[in-house]
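In full-length UniProt numbering, the protein residues as written are 1 to 222.
C-beta atoms are modelled at their ideal positions from N, C-alpha and C, and glycine is treated no differently.
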């Protein structure tokens, strides 16, 4: 009986030892899995951190140009010219102001007045403005007959708007215009026209308003 009890006791001890070893193995396996998961997570976080730091470093080294300081000290945004940015009302007001200043002149200062309004136009636009003055004989009347030119205009009507083939956003706006030439001794009859202005977005570094007149076409009002 004693031998049998000792055998049972030995078997029980071996069972407990095996169970304990199995438990330790499970703990070891779980620890290994946890450690591996932690290592993988840490590695992934490190990779993401390196990529993010690299991107931030590149961004700092190559910042996007969003603003431009003018000579007058103003800071204005640089917005791509394919975006309209301005409202139709703002564009129409710009065109109306360009017409008022371009067609208000006197025989003493007309050269300076014409030069001053050049900022409203592109190079081709200014050529079309000069042609409108000469072909209508308005410039000759101011220069040779010593007359003064005044202008009246009604609100503009947008004929079309949208991007051009080169991507630049543009508008066509028509204004009913009345020109009046008057001198010291006599005045000429009023002349009524339809002015069709073609305007487009421009680089604010060259045109502070972000707009320019690219063409001026005149029609006799019916």
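Could you give the C-beta distance for residue 110 and residue 209, rounded to a whole number, given that I count them as a contact under 8 Å? Not a contact, Cβ separation roughly 24 Å.
Tell me the rounded alpha-carbon separation between residue 105 and residue 56. Across the structure, residue 105 and residue 56 are spaced so that their CA atoms are roughly 56 Å apart.
Do residue 213 and residue 243 come within 8 Å of each other at the CB atom, strictly closer than that value? Residue 243 lies beyond the stretch modelled for the chain, which goes from 1 to 222, so this question has no answer here.
Between the CA atoms of residue 216 and residue 197 - distance to the nearest angstrom: For residue 197 and residue 216, the gap between their C-alpha atoms comes out near 5 Å.
Write down the C-beta distance between residue 159 and residue 174 rounded to the nearest angstrom, noting that I regard them as a contact closer than 8 Å. Rounded to the nearest angstrom, the Cβ distance from residue 159 to residue 174 is 6 Å, consistent with a contact under 8 Å.
Nearest-angstrom Cα separation, counted from residue 38 out to residue 48: C-alpha separation (whole angstroms): 15 Å.
Starting from residue 202 and walking both ways along the alpha helix (DSSP H), at which residues does that stretch end? Counting along the chain, no alpha helix (DSSP H) covers residue 202, and no H or E run does either.
First and last residue of the alpha helix (DSSP H) that includes residue 128? That run of the alpha helix (DSSP H) goes 123-135.
Contact the segment 167-184 vs the segment 199-207: 3+ CB pairs below 8 Å: Yes, they touch.
Apart from the five residues just before and just after residue 221, which ones in its own chain have a Cβ nearer than 7 Å to its Cβ? The beta carbon of residue 221 sits closer than 7 Å to the beta carbons of 176, 192, 193 and 194 from its chain, once the five residues preceding and following it are set aside; these are given in chain order.
Residue 215 bridges to which residues according to DSSP? Its beta-bridge partners are 198.
Quick check on residue 178: does DSSP put it in helix, strand or coil? Strand.
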